[in-house]
Amino acid sequence: MPTSFPTPGGSVRDQLTALRAGWGWFVALGVAFVILGFVALAHLLVSTVATALYVGALVLVGGIVQVMHAFRIKEWGRFLFWLLSGLLYVVAGGLIVYEPLFAAGVITLMIGVSLVVGGLFRVWVGISSRPSSGWGFIVFAGAITFLLGLEIIAGWPVNSPIILGLFLGIDLIINGVMTLMFGLALRNKAV
21 MPTSFPTPGG
31 SVRDQLTALR
41 AGWGWFVALG
51 VAFVILGFVA
61 LAHLLVSTVA
71 TALYVGALVL
81 VGGIVQVMHA
91 FRIKEWGRFL
101 FWLLSGLLYV
111 VAGGLIVYEP
121 LFAAGVITLM
131 IGVSLVVGGL
141 FRVWVGISSR
151 PSSGWGFIVF
161 AGAITFLLGL
171 EIIAGWPVNS
181 PIILGLFLGI
191 DLIINGVMTL
201 MFGLALRNKA
211 V
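Quick note, in my numbering, the sequence shown goes up one by one and the last residue is 211.
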């Protein structure tokens, strides 16, 4: 029975043929991502709150699961550690869900700091690779990352209500365009 997507166990050629047959699904998914990305960019505050709520819900559910896990392994000997760790997750997730804009502010500051540190690290790696060709690209990418992090930190906390939504929108658009291009490349190979 022919399928639209690769199935485990088939030959590489069969999997590639099935993948190419589903090129339209990749194009549709790419278009959907691009549209959703523009919707996110048009509603930055809503996108930021939605992102923070999503993160909060994941942390909350993870904490609940960890608390349940603690009671399942009570005899193992580290019950208190697992229980307290799970309760910390539950409290953190609950606070994020309860105050998503405050959480967005904290997350925004953490992103800014990580971009500054990551950018400095890339600049250092690029300069350390100076005898190799292309080292300048690494330095340039690191400098851009560093400056982006500085920009986020300099605008904090005022920019907190929009940064997560902005990142979500940009990520959706880039992912959408790349998925769309992948689907079109599959179509061209299938013909």
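Note that CB positions come from ideal geometry on N, CA and C, so glycine has one too.
Sequence-distant residues of its chain with Cβ nearer than 8 Å to Pro22 (five each side left out): The predicted model places Pro22 with a pLDDT of 48, which falls under 50 and marks its position as unreliable; any figure quoted below should be read in that light. Around Pro22: Ala38, Ala41.
message: Under DSSP, the alpha helix (DSSP H) around Val79 begins and ends at which residues?
response: 64 to 92
- request: Jot down the residue ranges of each uninterrupted alpha helix (DSSP H) in the region 87 to 150, minimum 4 residues, whole runs only, in chain order.
  value: Uninterrupted alpha helix (DSSP H) stretches at least 4 residues long and entirely within the region 87 to 150 occur at 99 to 118, 120 to 148, given in chain order.
- request: Examine the Cβ distances between the region 127 to 143 and the region 84 to 98 and report whether three or more of them are shorter than 8 Å.
  value: no
- prompt: So what's Met21 in DSSP terms, helix, strand or just coil?
  reply: Any reading at Met21 needs caution, since the residue's pLDDT is 45, under 50, leaving its predicted position unreliable; the model's value is listed next. Met21 falls in the coil class under three-state DSSP.
query: Given a threshold of 16 other Cβ atoms within 10 Å of its Cβ, counted over all protein chains shown, does Pro177 qualify as buried or as exposed?
result: exposed
- prompt: When the Cα of Leu186 is compared with those of Ala62, Ala52, Val51, which residue comes out closest?
  reply: Ala62
Alpha-carbon to alpha-carbon, Ile116 and Gly154: 42 Å
message: Please tell me whether Gly113 and Gly57 are closer than 8 Å, where the distance is taken between their beta carbons.
response: no
task: Compare the C-alpha of Leu258 against each of Val81, Leu121, Ser134 and name the closest.
output: In the structure as shown, the chain starts at 21 and stops at 211, and residue 258 therefore has no counterpart that could be examined.
- request: Return the chain-ordered list of same chain residues with a C-beta closer than 8 Å to the C-beta of Ile193, the five sequence neighbours on each side being excluded.
  value: Phe53, Val54, Gly57, Phe58, Leu61
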